[in-house]
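Its first residue numbered 1, the sequence shown is counted upward by one per residue in UniProt numbering. Glycine is no exception: its CB is placed at the ideal position from the N, C-alpha and C atoms.
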Amino acid sequence: MKLPDQKSFIFSIILAVVGFVIVEFALGSLALSPALLFGAGLLIGGVAIAAMSSEGGEEAEVKTKTLYVGNLPYRANEGVVRALFEEQGKVFNVRLLKDKNTGKRRGFGFVEMAQADADNAIAKLNDSEFQQRTLKVREAKQKQEDDSSSLRTGTDQSV
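The following block contains the structure:
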């Protein structure tokens with residue numbers, strides 16, 4: 001079991017105070033100790049936080065796959081590409097690359113999707129028409145480390 005983060009702790013304290021106020025007004029005729037009411041509110045807040053965090057934990061465990069999307073129209077932005085891929089499944093991230101000097105889009109990008117939906121998206125969208133262009137969709141290759149920097153430092157030391 002994971003420890004609650006600071007946000008959850010603060011939220012549970014707020015729930016405890018709200019629970020205290022509600023119970024105080026609802027059961028004002030009963031002479032209950034304020035500490036007991038605060039403790040009951042804290043307990044209810046803790047249970048509520050635990051229930052919310054267990055629901056969020058399922059989503060955090062979703063495995064993702066990054067897809068390369070090539071031959072994109074230059075006018076396409078992240079929103080329309082996200083909408084296109086969301087028709088196939090859950091999309092977590094869309095990155096369309098731009099030229100460093102001009103700031104114009106380069107016509108390709110990457111879409112991070114749920115692994116279960118990624119293969120379906122490749123099958124449906126590869127070689128399909130999108131804004132008068134034929135898309136190329138495949139699994140992205142992992143970025144390899146550049147060894148040129150280590151070679152450069154090795155040659156600098158020998159000089």
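- Taking Val111 as reference, the option from Ala16, Lys136 and Val17 with the minimal CA-CA separation is Lys136.
- Assignment of Lys136 by DSSP, reduced to helix, strand and coil, places it in the strand class.
- Judged by their CB atoms, Phe92 and Ala121 are not nearer to each other than the 7 Å cut-off.
- Between the C-alpha atoms of Thr64 and Phe25 there is a straight-line separation of about 49 Å.
- It is roughly 12 Å from the alpha-carbon of Gln131 to the alpha-carbon of Gly107.
- By the 16-neighbour rule on beta-carbons within 10 angstroms, Val81 is buried.
- The residues Asn71, Asp127 and Ser128, in chain order, have a CB closer than 8 Å to that of Thr134 in the same chain once the five nearest residues on each side in sequence are set aside.
- Here Gly109 really is in contact with Val69; their C-beta atoms are around 5 Å apart, less than 8 Å.
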